[in-house]
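Start counting the sequence shown at 0; every next residue gets the next number (numbering that gives the first Met the number 0).
A virtual CB, placed ideally from N, CA and C, is assigned to each residue, including glycine.
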Amino acid sequence: MKINVAQLRRLGGGTEKYHFNEGLSPLQLGEDEFAFQSPVDVELGVINAGKSLLVKGRISCEIGAACSKCLKDFPYKMSFEFEDKFIPVEFAPEEEDDGAFIFERDECSIDERIQEHILLHLPMRFVCSDLCLGLCPKCGADLNFNPCGCADVDVDPRLEILSKWNKGV
């Protein structure tokens, strides 16, 4: 995904809109790899703010994930808004600004920036549904389909004597 800002840079206070619907390569996060299930939809509004460009946009995508409770694969839908500041290299500050993207030419590739935003919006744990019961920690049965016959209470044998306390024994 590339945006050409040559004409916009000449118009002080000017605005341009861009729309992309493209496939991206899978994202790597540590040992995990997240493949896109559909093209990534990106809508951008770029405003010339003098020495910088203000970029506001919305990203919508669907990635393949595994539920952390039941371990089933499912499509995880994401849609969020973001805001960035693009600064031409001639106006770049001496100290690096972590929030700004420095560009050299009038054509900017935004693939990496889009991937960064997607990675920042991934949840810590994926859950396929709010109602997911997960797997039984004893026998491994999927509790979403069948209840298992495992005992609900697992008492440490060293503390079993305390279970009789206050029962009149």
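Out of the options, which one is the CA nearest neighbour of residue i?
| i | options | result |
| --- | --- | --- |
| G13 | H120, P25, S59, L53 | L53 |
| Y75 | E82, K84, L121, I2 | L121 |
Please tell me whether residue i and residue j are closer than 7 Å, where the distance is taken between their beta carbons.
| i | j | result |
| --- | --- | --- |
| C127 | C60 | no |
| I62 | V41 | no |
| G107 | I2 | Checking the displayed sequence, the identity of residue 107 turns out to be Cys instead of Gly. Taking 7 Å as the Cβ cut-off, C107 and I2 qualify as a contacting pair. |
Work out the CA separation of residue j and residue i for me, nearest whole Å.
| i | j | result |
| --- | --- | --- |
| K50 | G44 | 17 Å |
| P156 | K163 | 12 Å |
| K16 | D105 | 16 Å |
| Q27 | H116 | 13 Å |
| I46 | L70 | 44 Å |
| G56 | D141 | 40 Å |
| G29 | N145 | 34 Å |
| E159 | D72 | 40 Å |
| E21 | S78 | 15 Å |
| C149 | G139 | 10 Å |
Give the DSSP bridge partners of residue i, in chain order.
| i | result |
| --- | --- |
| P74 | G63 |
Rounded to the nearest angstrom, how far is the Cβ of residue i from that of residue j, given a contact under 8 Å?
| i | j | result |
| --- | --- | --- |
| N143 | C135 | About 11 Å; that fails the 8 Å criterion. |
| F35 | L23 | 6 Å |
| A48 | F125 | About 37 Å; that fails the 8 Å criterion. |
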